[in-house]
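Protein chains in written order, with the numbering used here: chain A, 1 to 786; chain B, 1001 to 1234. A short write-up of the structure that comes next.
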C-alpha cells in the first residue's frame, strides 16, 4: 500500500521530481560519458604505444651519420636507438587555397627494431627503391585520394611525384600537429607520410645521414639520467631539440585531454549531484512535515518507525535509481558520440565507443548514495515523532518583526504580498540560502561560459588583427640574408611593406629551471608584428634585453631584470646571456622576444632572417604564391585569412560545448527555483487560497512566491559577479598550456547575457509555478484544517 | 430595496468516481440589499456548497445565479475573481489569517485590492483591536483572530459579507461579540450580510432565515422582529 502512496505522491508533484531527476541526470551524463570516453582514449593509447613501440626520448639534429647512431647505445640507460630522416615538404595542390604540408619520415627496410612503428591501414608499405609513400590515413580521407594516386610535393625547390602505396598511422602522430604554434590538427593541411630510407636519402640528398633520433629507456631509468650525456654526444651534430615523451607534442596534447577529462569527471558530476541532493532534501523534508498526520496515523496503527522511515527513504531510492539509470544510459550514448568526435582528432586504432557496465553501475550507485543521504537527512525527523504529537498540527511558528522592517522606507516599498515574501526569506534561512547559492551558481556558470566564448574570440582576433598584421608570411627552410630577401620581395607586385623576421629555437635557463622555446625577433618599430599589453597598447621591442611571455615567466619563476642563459645552435658562443627586459601577455603560443639588433649581438651573427612578413594587396597574393610555390628554401607561405578561417572552424566546436554548459546552468537554475517555489506553494496553500478567496488574481498571489525569489535572485546575481570573475580566473589558469593561455577576463557582455539567462530561468520556473497557483482548489483548501 | 443576489434552479453535482453526488438540487431565492440572512442547515445539507456558489468560489452545474444583473454561472475564473474582489467579503470558521502578516497587515491586504476600501485603522478600531495592530495571529486569541478576519472582510467595504460558521470555533460570549460586529456592519453601512451556520440560535437575529435540507431550500422564514445579538443564545 505504501508503495502506491509513493507513486501517487510523486505523481502529484511530478514536475518537481522530474526537475530534480533532470539535475541528477545531467550530473550522471557528465560522469559516465566523460569516464567512458577517458577510458576509451586511455586504453586505445596504451595499446597503441605498446604495440608500435612508442619512444621515450626524441632528439632532432641537423645531420648525423646513420652509422654513428649505435654509439649512443653506450650511454647507460638507453635501451634502443632509432635514427630517421624527417623532412617537412610542401604539397603542390594549386586548386587548394591552403598551404598543405607533409612530414616525410624515413622507414627502415627491416622494421623489427624500429621505434614509433607505423600501423598499416590500407594498401602496402612502400617498396625500398620506389618513390612511393605510406600516407597518413586522415589526409588520405580528407583529400578523397585512392591507392596508387600520385601527389606532387616540392623538395629542394623541385616538384616530385610520389605514388601512394598505402595508408597508416603511428603513435607519434596520434594528434598530428605541425608544430606547437598549431592548435588543432587539420588533416587537410598537415599529415605525415612514410617513405623508404633509401628513397629519402636520395631525394633530399642526404646520403647516409639521419636528423631525427628516438630512444627507449631501460627499466628503472629516467630521462634526466641520460639527458646530459645525450646532449654532449649529440651537440656536435647540431642538436636542435631533445625532449622526453611527456613533452612530445602529440603525447602532450593527448595527455592534456585525458587530464582535463579526469578533472571534469571529478568535479562536474559532484556539483550537479550535490545540487540535486539538496533539492531532494528540501522536498522530502517538506513532504514529511506536511504528512505529519499521516505519519502519526501509521504509527498509531502500529507501523514501526523503521518501516515508515524506509517508506520515505524509498522516495530517494526511486529518484536515485531513475536518475542513475537514465543518466548512465544517456551518458553511455553520449560517450559513443564523444569517442566519435575524438576519432576525428586522434588517429588511434581501437578507439571505439563501448558500453561500460562498470561506469553504468558505479554511476547508479553514486546517484543512489547521494539521494539516500539527502533522503535520510530530510526525513530523519520522523524518528523523533511520537504518534500523538504527530497527529497534532505542528506548533505554530512564533512570528515577530524582522530587522529589515526597521529600515525606514524599505518596508513601505513592498505590497503586503511582498512583505509576506520577505518575511519568508528571513524565516526559512536554509532554503533561502539554497536558492541564493543556486542563483549564484547559475549566474556565474553562465557568465564564465560566455566569457570563455568571448575570451577565445579575443585571443584569436587579437592575434590576427593586432599582433600579426601581415597579409602573408613566407618562412624559409634555413636562415637567409635579409637584405637579399627584402630586395627580392619589394620587386613583387602589390607589396606595400615587408619586414624580415627571425625565429630561433633556444633553450632558456634561469637558475635551475629551463625551457625550450622559440625566440621571435622582429625589427625595432615593426609595423607588422606587435606585442600588446593587457589593454591592447603596443609594447615597443626593447633596444636590448629580452621580453618573455607571462606563461614562461611563471614556469621559470623569473622576474624583470633577471639574467638568463640562452643556448642556441645558432649562437657563435653558446651559451650566451641576456636579461629580462619585460614580461608580456601572450594568448596563443608561448614565446620570448628580442629586437633584431639585440639578437644579432647576442648570437654574434648579423643580417639574417628566417621568414619575412609582408603587407600587400589581396589580389596579388595568388601571383606571389604561384611564383614561390616551388621555390627552393621556402618552407611555407601562410595567409592570414586562411589562419583566421582555420581558427574559426576550430572554435565552432568549443562554442557548442559552451552553449551546452550554459543550457545546463539554466536547467539547474530552473530546477532550483521551480522546486522551492512548489514547496513554498505547498506549505502555504491555505494562505494563498485565502488570498484568492479575498479576490486576488493568481498573478497577485504568485507575488508572494515570486517576490521572494526575485529578491534572492537579485542578491544571487550580485554575489555571482565576483564569483564569475573568480571562476574565470580559475578556468583560465587550469586551461592554459604552452599552446595557448586564456586571458581570465570576464566580459561585460557575458555578465549581461548571464543576467538575462538567470532571469529567464527564474521567469520560466515561475511560469510553471503560476500554473499551480491557478489550479489551487479554493473550496478544498479552506474546508478544514489539516 | 433592490435584489442583490438571485438564484434560479441552482444545482451543484460532484462526480466522485462512479457516484454522482447531488449537493444542491435546484435552489431558488432572491436576496435584497441590506438584508441580514441566516442560512441554516445540518452538516451535509448543502449549505457549504451554497456558500461556495454565492461567494464565487465555484461554478454551478446547472441553473442560474446573478449578482445584481451579472451572471455568476457559466463565466470564466476571471469574472469570479473580479466578483470576489469587488463585491464579497469572507469570514471563515477558522479565520484563515496569514500567519506571517500582522493584524494590521492582514487588513491592509484587502484594502490594497479593493476599489472603495475603508481605512484599515478605522476598521481595526471598529472591531476594538486598534492596540493589537502590530500583533501576529499567533499572538492573538481565537476571538481576536476572528475579529481581525471580520475587519479584513469589511475593510474592503463589500456589498455582501459572507460568513461561514463565524462563531463555530468560539466560546459563547466571544461568539456574541462577533455577531454584534456583523450586525453593526449591516446597520451602519446598509450592506448585505449572509451567515451560514448550523446553529439555530443565531436565526433569531436575522431578517430572513433560509432552511436548507438535503440539497434543497425547504423553507424561507421572514422574522417579524429580529432580536439584537446580545439576546441571542444557544
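Backbone N, C-alpha and C fix where the C-beta goes; we use that ideal spot for every residue, glycine too.
Checklist entry - Hey, does residue 378(A) have any beta-carbon neighbour from chain B nearer than 7 Å? => result Within the first chain, residue 378(A) is the residue found at index 378, counting from 1. It does not: the Cβ of residue 378(A) has no partner Cβ on chain B nearer than 7 Å.
Item to check | Inter-stretch contact (C-beta, 8 Å, three-pair minimum) for the segment 316-336 of chain A and the segment 407-421 of chain A | outcome: no
Item to check | CB of residue 517(A) within 7 Å of CB of residue 238(A), strictly | outcome: Numbered from its first residue, the first chain carries residue 517(A) at position 517. Numbered from its first residue, the first chain carries residue 238(A) at position 238. No, the pair does not count as a contact, with Cβ atoms beyond the cut-off.
Item to check | Proximity to residue 454(A) [Cα-Cα], best of 747(A), 4(A), 80(A), 573(A) | outcome: Here the question's residue 454(A) lines up with position 454 in the first chain. Among 747(A), 4(A), 80(A), 573(A), the Cα nearest to that of residue 454(A) belongs to 747(A).
Checklist entry - According to DSSP, is residue 540(A) helix, strand or coil? => result Residue mapping note: residue 540(A) aligns to position 540 of the first chain, counting from 1. In this structure, residue 540(A) counts as coil in the three-state DSSP scheme.
Next on the checklist: Let me see if you follow: with CB-CB separation under 7 Å, is residue 31(A) close to chain B or not?
Outcome noted: In the first chain, counting from the first residue as 1, residue 31(A) sits at position 31. It does not; no Cβ of chain B falls within 7 Å.
Next on the checklist: Any beta carbon from chain A within less than 7 Å of residue 1192(B)'s own beta carbon?
Outcome noted: Within the second chain, numbered from 1, the residue matching residue 1192(B) stands at position 192. Not an interface residue.
Checklist entry - So, helix, strand or coil for residue 785(A), using DSSP? => result Stepping through the first chain from its first residue, residue 785(A) is reached at position 785. Legend: pLDDT at residue 785(A) = 48, less than 50; position of this residue unreliable, value from coordinates given subsequently. Note: residue 785(A) maps to coil in three-state DSSP.
Checklist entry - Going by beta carbon distance, what residues of the same chain come within less than 8 Å of residue 793(A), once the five residues before and after it are set aside? => result Outside the shown range of chain A (1 to 786) lies residue 793(A), about which nothing can therefore be said.
Next on the checklist: DSSP three-state label for residue 772(A), please.
Outcome noted: Along the first chain, read from residue 1 onward, the residue named residue 772(A) stands at position 772. Looking at residue 772(A) - three-state DSSP - the assignment turns out to be helix.
Checklist entry - In this structure, does DSSP put residue 1001(B) in helix, strand or coil? => result Counted from its first residue, the second chain places residue 1001(B) at position 1. Three-state result, residue 1001(B): coil.
Item to check | Unbroken stretches of the beta strand (DSSP E), 3 residues or longer, contained in the segment 213-288 of chain A | outcome: 239-244
Checklist entry - In chain A, which residues lie less than 9 Å from residue 1086(B) when you measure between Cβ atoms? => result As a position in the second chain, residue 1086(B) is number 86, starting the count at 1. Here the neighbours are 695.
Next on the checklist: By DSSP's criteria, residue 158(A) is part of a beta bridge. Which residues make up the other side?
Outcome noted: By 1-based counting over the first chain, the position of residue 158(A) is 158. 155(A), per the DSSP bridge assignment.
Item to check | Status (buried if at least 16 other CB within 10 Å, exposed otherwise) for residue 1068(B) | outcome: Looking up residue 1068(B) in the second chain gives position 68. With fewer than 16 other Cβ atoms within 10 Å, it is exposed.
Checklist entry - How about residue 532(A) and residue 466(A): are their beta carbons less than 7 Å apart? => result Counting from one through the first chain, the residue named residue 532(A) turns up at place 532. Counting from one through the first chain, the residue named residue 466(A) turns up at place 466. Result yes, Cβ atoms of residue 532(A) and residue 466(A) sit closer than 7 Å.
Item to check | Residues of the segment 762-778 of chain A with Cβ closer than 7 Å to any Cβ of chain B, in chain order | outcome: 778
Checklist entry - If you measure beta-carbon to beta-carbon, which residues of the segment 1101-1118 of chain B are closer than 7 Å to chain A? => result Residues passing the 7 Å Cβ filter: 1101, 1105, 1108, 1109, 1110, 1112, 1113.
Next on the checklist: Once DSSP output is grouped into helix, strand and coil, what is the label at residue 1119(B)?
Outcome noted: Position 119 of the second chain holds residue 1119(B). Coil, per DSSP.
Next on the checklist: Please classify residue 785(A) as buried or exposed, where buried requires at least 16 neighbouring CB atoms within 10 angstroms.
Outcome noted: Mapped onto the first chain, residue 785(A) falls at position 785. Because residue 785(A) sits at a pLDDT of 48, beneath the cut-off of 50, its placement in the model cannot be relied upon, and the following sentence gives the value as read from the coordinates. So residue 785(A) ends up on the exposed side.
Checklist entry - Which term fits residue 570(A), buried or exposed, when burial requires 16 or more other beta carbons within 10 angstroms of its beta carbon? => result Translated into positions along the first chain, residue 570(A) becomes position 570. Residue 570(A) is buried by the Cβ-count criterion.
Item to check | Same chain, Cβ closer than 8 Å to residue 1107(B), five either side skipped, listed in chain order | outcome: In the second chain, residue 1107(B) corresponds to position 107, counting from 1. Apart from sequence neighbours up to five positions away, the residues of its chain that approach residue 1107(B) with a beta-carbon distance below 8 Å are 1120, 1123, 1124, 1148, 1151, 1152, 1155, ordered along the chain.
Next on the checklist: How far does the alpha helix (DSSP H) with residue 622(A) in it extend, from its first residue to its last?
Outcome noted: Counting from 1 along the first chain, the entry for residue 622(A) is found at position 622. Here the alpha helix (DSSP H) through residue 622(A) covers 621-628.
Next on the checklist: For residue 619(A), count the other beta carbons within 10 Å of its own beta carbon; 16 or more makes it buried, fewer makes it exposed. Which is it?
Outcome noted: For the purposes of this step, residue 619(A) is taken as the residue at position 619 of the first chain. Residue 619(A) should be labelled exposed.
Next on the checklist: Since residue 1159(B) and residue 1087(B) should fall inside the 8 Å C-beta cutoff, what is the C-beta to C-beta distance between them, to a whole number of angstroms?
Outcome noted: Within the second chain, numbered from 1, the residue matching residue 1159(B) stands at position 159. Within the second chain, numbered from 1, the residue matching residue 1087(B) stands at position 87. That pair is a contact at about 5 Å.
Item to check | Residue of 1097(B), 1215(B), 1207(B), 1013(B) minimising C-alpha distance to residue 1224(B) | outcome: Translated into positions along the second chain, residue 1224(B) becomes position 224. Checking every option, the nearest Cα to that of residue 1224(B) belongs to 1207(B).
Item to check | Distance, residue 501(A) Cα to residue 342(A) Cα | outcome: For the purposes of this step, residue 342(A) is taken as the residue at position 342 of the first chain. For the purposes of this step, residue 501(A) is taken as the residue at position 501 of the first chain. If you take the alpha carbons of residue 342(A) and residue 501(A), they lie about 36 Å apart.
Checklist entry - Could you give the uninterrupted runs of the beta strand (DSSP E) lying entirely in the segment 354-378 of chain A, keeping only those of 3 residues or more? => result none
Checklist entry - How about the segment 1091-1098 of chain B and the segment 723-736 of chain A: do they share at least three Cβ pairs that are nearer than 8 Å? => result no
Checklist entry - If we call anything under 7 Å between Cβ atoms a contact, is residue 37(A) one with residue 335(A)? => result On the first chain, position 37 is the one that residue 37(A) refers to. On the first chain, position 335 is the one that residue 335(A) refers to. Yes; because the gap between Cβ atoms is below 7 Å, this pair is in contact.
Checklist entry - With distances taken between CB atoms, is the gap from residue 720(A) to residue 443(A) smaller than 7 Å? => result Taking the first chain and counting its residues from 1, the one referred to as residue 720(A) is at position 720. Taking the first chain and counting its residues from 1, the one referred to as residue 443(A) is at position 443. Closer than 7 Å, so yes.
Next on the checklist: Could you compute how far the alpha carbon of residue 1032(B) sits from the alpha carbon of residue 1174(B)?
Outcome noted: Taking the first residue of the second chain as position 1, residue 1032(B) is located at position 32. Taking the first residue of the second chain as position 1, residue 1174(B) is located at position 174. Between residue 1032(B) and residue 1174(B), the C-alpha separation is close to 29 Å.
Item to check | Euclidean distance between Cα positions of residue 724(A) and residue 448(A) | outcome: As a first step, residue 724(A) must be located in the first chain, where it is residue number 724. As a first step, residue 448(A) must be located in the first chain, where it is residue number 448. Approximately 5 Å, taken between the alpha carbons.
Item to check | Under 8 Å from the C-beta of residue 795(A): neighbouring residues of chain B | outcome: Absent from the model: residue 795(A). The displayed extent of chain A is 1 to 786, so no value can be given.
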